[in-house]
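Trainee: Just so you know, our numbering puts 326 at position 294 of the sequence shown, and the rest follows in order with no gaps.
For each residue, glycine too, the CB sits at the ideal point set by N, CA and C.
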Amino acid sequence: MASYFTTPGSRKAKPPPKGLWDTRHSALTPAVGWLSLFCLLMVLLVTVMNVQTAHWVRPEPRLWLVTILGMFIALLVARAPWGKKGQLLFFPLGLGAGFGLALFETAGTLTEGGITAKFSEMFSRFDTWLSQIGSQGISNDRLPFVFGLVAGAFLMAYLASWALFRLRWSWVAVVVPAAVLLTNQTYLPPSGYPVPLFFFLVFSVGLLARVYYVSRTEQWQSQGLTTRTGRFAFAGNVLLLSTAVFLVGWSIPTKKVVIAPLHDTYQAAREPWAGMEDDFERVFAGVASKKATPLHSFGPALALRGRVSPGTGPVFSVTTDYPTYWKGQTYDQYQGQGWVANSSLRQSVKEADVPAANPDQPAFRKREVIAQRIQFHVPSEVLFAGGTPEDVSIPSVLEVSVPRTFQIDLSGGSNAGLPADLARAATRIVQQRPSIAEMERLLPSETKIVQERRGAVVVTRTGSATPDILSIRSTGRLKADSTYDVISSVSVATETELRAAGSNYPKWVADNYLALPDSLPKRVRDLAIETTRSAFNAYDKALALSDMLRAGYTETYAIEPPPVNVDAVDYFLFAQKAGYSDYFASAMTVMLRAAGIPARLATGYSSGIADKTTGSFTVRLSGAHSWPEVYFPTYGWLPFEPSPSFEPIERGPIRTEFDDSLFSGAGESFPEFFDEFQNLDFPPPADVVLPVQDEPVGQLFADIFKKIGLAIGALLALALGIFALVFVTWQSRFVGLPYAHGIYDRMSRLGTLVWKAPEREETPGEYAAALAAAIGVDRKQAGTVAAGYVKARYTGRPVTEQERRVIEDAWRALRGDLIKRALWRFDPRRLLRMSR
33 MASYFTTPGS
43 RKAKPPPKGL
53 WDTRHSALTP
63 AVGWLSLFCL
73 LMVLLVTVMN
83 VQTAHWVRPE
93 PRLWLVTILG
103 MFIALLVARA
113 PWGKKGQLLF
123 FPLGLGAGFG
133 LALFETAGTL
143 TEGGITAKFS
153 EMFSRFDTWL
163 SQIGSQGISN
173 DRLPFVFGLV
183 AGAFLMAYLA
193 SWALFRLRWS
203 WVAVVVPAAV
213 LLTNQTYLPP
223 SGYPVPLFFF
233 LVFSVGLLAR
243 VYYVSRTEQW
253 QSQGLTTRTG
263 RFAFAGNVLL
273 LSTAVFLVGW
283 SIPTKKVVIA
293 PLHDTYQAAR
303 EPWAGMEDDF
313 ERVFAGVASK
323 KATPLHSFGP
333 ALALRGRVSP
343 GTGPVFSVTT
353 DYPTYWKGQT
363 YDQYQGQGWV
373 ANSSLRQSVK
383 EADVPAANPD
393 QPAFRKREVI
403 AQRIQFHVPS
413 EVLFAGGTPE
423 DVSIPSVLEV
433 SVPRTFQIDL
443 SGGSNAGLPA
453 DLARAATRIV
463 QQRPSIAEME
473 RLLPSETKIV
483 QERRGAVVVT
493 RTGSATPDIL
503 SIRSTGRLKA
513 DSTYDVISSV
523 SVATETELRA
533 AGSNYPKWVA
543 DNYLALPDSL
553 PKRVRDLAIE
563 TTRSAFNAYD
573 KALALSDMLR
583 AGYTETYAIE
593 PPPVNVDAVD
603 YFLFAQKAGY
613 SDYFASAMTV
623 MLRAAGIPAR
633 LATGYSSGIA
643 DKTTGSFTVR
653 LSGAHSWPEV
663 YFPTYGWLPF
673 EPSPSFEPIE
683 RGPIRTEFDD
693 SLFSGAGESF
703 PEFFDEFQNL
713 DFPPPADVVL
723 PVQDEPVGQL
733 FADIFKKIGL
743 AIGALLALAL
753 GIFALVFVTW
763 QSRFVGLPYA
773 HGIYDRMSRL
783 GTLVWKAPER
793 EETPGEYAAA
803 LAAAIGVDRK
813 QAGTVAAGYV
823 KARYTGRPVT
833 EQERRVIEDA
843 WRALRGDLIK
853 RALWRFDPRR
863 LLRMSR
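1. Which partner residues does Gly370 have in the DSSP bridge list?
2. Assuming Leu415 is part of the alpha helix (DSSP H), what are its boundary residues?
3. What does a CB cutoff of less than 6 Å around Pro680 pick up in its chain, not counting 5 residues either side in sequence?
4. Any idea if Thr645 is buried or exposed, counting beta-carbon neighbours within 10 angstroms, 16 or more meaning buried?
5. So, with DSSP's three-state summary, where would you put Gly611?
6. If you pair each beta-carbon of the region 826-840 with each one of the region 794-809, do three or more pairs fall below 8 Å?
7. Quick one: what's got a C-beta closer than 6 Å to Gly815's C-beta in the same chain, skipping five residues either side?
8. Please determine if the region 205-212 and the region 229-241 are in contact, where contact requires at least 3 C-beta pairs separated by less than 8 Å.
9. Give me, in chain order, the residues of the same chain whose beta-carbon lies closer than 7 Å to that of Glu835; leave out the 5 immediate sequence neighbours on both sides.
10. Would Arg485 be called buried (16 or more neighbouring beta carbons within 10 Å of its own) or exposed?
11. Among Ala626, Gly130, Arg531, which residue has its Cα nearest to the Cα of Gly184?
12. Thinking C-alpha only, which one of Pro355, Tyr354, Pro332, Val78 is nearest Arg378?
13. Do the CB positions of Asp599 and Leu548 come within less than 8 Å of each other?
14. Would you say Ile468 touches the ligand ADP, meaning its beta carbon is less than 7 Å from a heavy atom?
15. Give a yes or no on whether the C-beta atoms belonging to Leu871 and Val237 are separated by under 8 Å.
16. Only counting the same chain, and skipping five residues up and downstream in sequence, which positions put a Cβ closer than 7 Å to that of Leu239?
17. Quick one: grab the DSSP three-state call for Pro346.
18. By how many angstroms is the C-alpha of Ile481 removed from the C-alpha of Ala457?
19. Would you identify the three-state DSSP class for Leu722, choosing helix, strand or coil?
20. So the beta strand (DSSP E) Tyr516 belongs to, where does it begin and stop?
21. Whose C-beta lies closer than 6 Å to the C-beta of Arg198 among residues of the same chain, with five residues either side of it excluded?
22. Apply the 10 Å Cβ neighbour rule to Gln255 and answer buried if 16 or more other Cβ atoms are within range, or exposed otherwise.
23. I need the straight-line Cα distance from Thr437 to Leu142, nearest angstrom please.
24. Tell me the DSSP bridge mates of Asn438?
25. Under the three-state reduction of DSSP, which class applies to Ser764: helix, strand or coil?
26. If I'm right that Thr650 touches Ser349 with Cβ under 8 Å, what's the distance once you round it to whole angstroms?
27. Can at least three beta-carbon pairs, one atom from the region 392-408 and one from the region 514-524, be found at a separation below 8 Å?
28. Are the beta-carbon atoms belonging to Val78 and Leu95 less than 8 Å from one another?
29. With DSSP as the reference, identify every bridge partner of Leu430, one or two as the case may be.
30. Considering only residues of the same chain and omitting the five flanking positions on each side of His563, which have a CB-CB separation below 6 Å?
31. Could I get the ranges of all uninterrupted alpha helix (DSSP H) runs contained in the region 123-206, with 4 residues as the minimum, in chain order?
32. Let me know if Glu682 comes out buried or exposed under the rule of 16 or more other beta-carbons within 10 Å of its beta-carbon.
33. Since Tyr545 and Tyr357 are thought to touch, with beta carbons under 8 Å apart, how far apart are those beta carbons, to the nearest angstrom?
34. Out of Val429, Gln369, Gly343, which one is the CA nearest neighbour of Asp614?
35. Indicate the three-state DSSP secondary structure (helix, strand or coil) for Thr635 in the structure shown.
36. Going by CA-CA distance only, name the one from Pro93, Met154, Gln253, Pro62 that's closest to Ala195.
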C-alpha cells in the first residue's frame, strides 16, 4: 500500500500543477525555489532591521535596500553560466558591485551638495580618518562606521545568498545572518528574549526545511515518485516547530549564570580581542553605547564620546584609612577628540626594575604614606592605586614617564619645534660649532646629550626625582576575588604652601605637560586667560578654572558626541555646556595648559561607598571618574575636582578616621546611580541601563520551572482557543445540508487536507476509491459514504433511517483515519523523520 506522501509513478498519478512556489529551472529562478528565496529574504531583513532599529548612526543608511540588492546580485552570480570558471569571474565582480553600492549608499547619507560633492566629502573624510587611526589618534567621525554597516549588510546578504543559490548550503545561509544578529544583540541593552529572534527562528527553520524538502522532492522525482504534500501543511509544521523553539528559549532564564571554569575559559579566549575593543572605541568614538558598559577601558586612548551608561555593578573593594581617587590610567596628549597615552613619553618596566630616585632632582615635600588593600570583584589586569604608588605586592608592569627627546640640527637647518630654551641654545651651537664637551655647557640646565648623529645631536631632559608612575598592569589577568596591596604617597601640602610653590617647573614637566594641538580654537585659550586673569599663582588659577566649570556647566551622561572635525573641549565649553567627568576634566586640563600650568588627565574611580561593618569601601561602575592632575614645584602632582557632582578636594593633613564626610558629595548630581545601595524612592531615568547581575545556578531553578509552567499553560490555552474556533468554523460549513450531503462534504474536505480535492471529471464513487487507495483507508467505508450521497442527491429523496445508520457507521470508522491523517500533516515530528 503506497503512502499518501509519495505515489509510484506507475500509477500515473497527476502531478501537482506548477505554481509560484514550485522549483522551476529557468534562467533566473533559484534552483531551491521561490519559497526558499522568500524565507532567506525574511531572514536577512529581520537581521538588518534589528541593526537598523538600534539607531547606531543618524542619518541611517538604507540597509534593507542594500540587503535586497545584495541577495539578487548573489542570485545573478549563482545562476551565471560557465560553471566554476564563471564563478571565478563573476563572484569577484559581485563583490565589486557591492563595494560600489556601499560607497553610493554611504555618500547618500550626507545632506549637503550634489552627488559629486558628496563623494568628494566622503573620500576626504575617509582619508582624514585613516590618517588619524594610522597615527594612533582618535576619530569621532561616524561616516566610516556607516560605510562599515552598509558593506557588512551587503556582504552578509551576498555570502548567505550565494551559498544557498549556488551550493545549497542552507546552514551557511542561516549561520551568517545569525552571527550578525547575535553580535548586534550583544551590544544592545538586555531585553529578555528579543522579538526579532522569534521571526528569525520561524524563517530560518522554514528555509532549512524547505531546502531539504526541495532536495528530497528532486530525489523522489528522479525515482519516478510524485509528491503529494500541501504547502499549507508544510508552513504549519514550520510555524509549530519555530514556536516550540521560541518558547523553550523564552523559558530559559535571562539572568547571568556564572560557571567558573567556563567563565575563565571565555576570559582567556577573548583576551586577544580586548585590544581590538579599545581600538574600536578610539576609531569610532562618535558611535554611542547602547547598553551599560564601563566608562573607561584604561587603554592607550580616551575618546570624548556621547551618551554612556556605566552601570552599577561592583568593581573592587578597598580597605584603607584614607579614601581617595583610585587611578587606573594617566593621559598626557590631547588630540582634539580625546586623549592619548603617548608611548614616546612613557616606558614600561617591571616593578622590580623601576629606576631609583634621581639624585639630580630634589624629592617631593609634604607627602605622607598610605596603604591600601584592594580586592577585585571582576577580572582585571589594571591595578588601581590612590595617590602616587610606590610599591605593589604582586608582579606587575609599570608605565613611568620619561623626558621628551629633541634633535638639534648642527648643519644650519631648521630647528623649528624645539622648546624656546633649546631653540636659543641651538642657535648658539650652530654659530659657534663647539666640541661635544663645550656643547654640553651651552645647553640649558636639566638638559644633556644622549646621542650623536651625523650633523645632529639628540638631547633629553633630566627626569623626575622619583619615578613618575602613570599606570600599573599585572603581569597576568587577575581573577575575581584576587587581592593585592599598594603603598602610595599623598600630598598634605596646605593651600598656603601651594600658593607659594611658584612656577619654576622642571624642564621635563614643561615639555611633556604644556603641549596643546595647533588646532585648538583660540577662544578656548582666551577663556582660560580671562578666567585666570585675577589669580596670581598656579593654585588660585586652578581653583578659578574649577569654580567656573562647577558653576556654569551641567553634569549628565545624556549628551550627543561632538560633531565631526570639531574640537571636543571647545564644543563642551561653548556649545553643549553639558557632559560628564571626562569633559569637565578635559576642559580644565586643556585650559590649565593654555594658562601655562602643567596638567594631565587621570582616569579611575571615586573613593567608593563606605561599609562600616568591614571598614572597606565598595567601588562600583557608577563611580567611574576622570580628574585633572596639576604639577606644583617641590610638591608633585595633585588632583583637582571640576565636576559639580563631587566635593572640592580638601588640602592639608590627611584624615585617617573612617568618616563618611570624606566622600559624602560624590554623585550628588547623579543620584540615579546610587539607588541600588541607598534605597532612594525614585527609579533611574530611561537613559540609564542597569546591567544584569550574576546569580548562582542553584537559585535559578524556581524561575525555570515557573516559566516552563507559564509556557505550557499558554500553549494549552492557545490550543483550546484554536480548537474551539476550528470546530465552530468547521460545523458552520455544513449547517442546512441534508445528512448524506453533509457527510460526503466532510469526507471530501478532509480528503482535500490530506490528499486532494475531487476533480470535476470524477464521480463521487471514483473519488472515494482514489482517496482510499491514496491514503490507505477502508475503500468500502468511503464507497458507502459516496453511495449515500449519490442516492440522496440524484433521487431527490432523503435517506432512510436504516441507510442513515449504515452511513453513520461507515463515517465514524472513516472519520478517525482521516482526522489522524490531517493532524499528522501538521505534526512537526514529520520534519525530523524527513531528515533521516
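Mentor: On the basis of the supplied data:
1. Ala335
2. That residue, Leu415, is in no alpha helix (DSSP H); its beta strand (DSSP E) goes 412-415.
3. The answer, listed in chain order, is Glu673.
4. exposed
5. strand
6. no
7. Ala800
8. yes
9. Gly820
10. exposed
11. Gly130
12. Pro332
13. no
14. As for the ligand ADP, it is missing from this structure, which has no ligand bound.
15. This structure cannot settle anything about residue 871, because the visible part of the chain is limited to 33 through 868.
16. Ser68, Cys71, Leu72, Val75, Ser202, Ala205, Val206
17. strand
18. 13 Å
19. Only weak support exists for where Leu722 lies, its pLDDT of 35 falling under 50; the value from the coordinates is given anyway. Reduced to three states, the DSSP call for Leu722 is coil.
20. 515-523
21. Ala110
22. exposed
23. Computed Cα separation, rounded: 43 Å.
24. Residue identity differs from the one stated: residue 438 is Phe in this sequence, not Asn. In the DSSP assignment, Phe438 forms a beta bridge with Val491.
25. helix
26. 5 Å
27. yes
28. The answer is no: Cβ separation not under 8 Å.
29. Note: Leu430 sits in a beta bridge opposite Val381, Ile504.
30. The sequence shown places Thr at residue 563, not His. Spatial neighbours of Thr563 in its own chain (CB-CB distance under 6 Å, excluding positions within 5 residues in sequence) are listed in chain order as Ala576, Leu577, Met580.
31. 147-166, 175-199
32. Glu682 is exposed by the Cβ-count criterion.
33. Not really, about 18 Å apart at Cβ, beyond 8 Å.
34. Gln369
35. strand
36. Pro62
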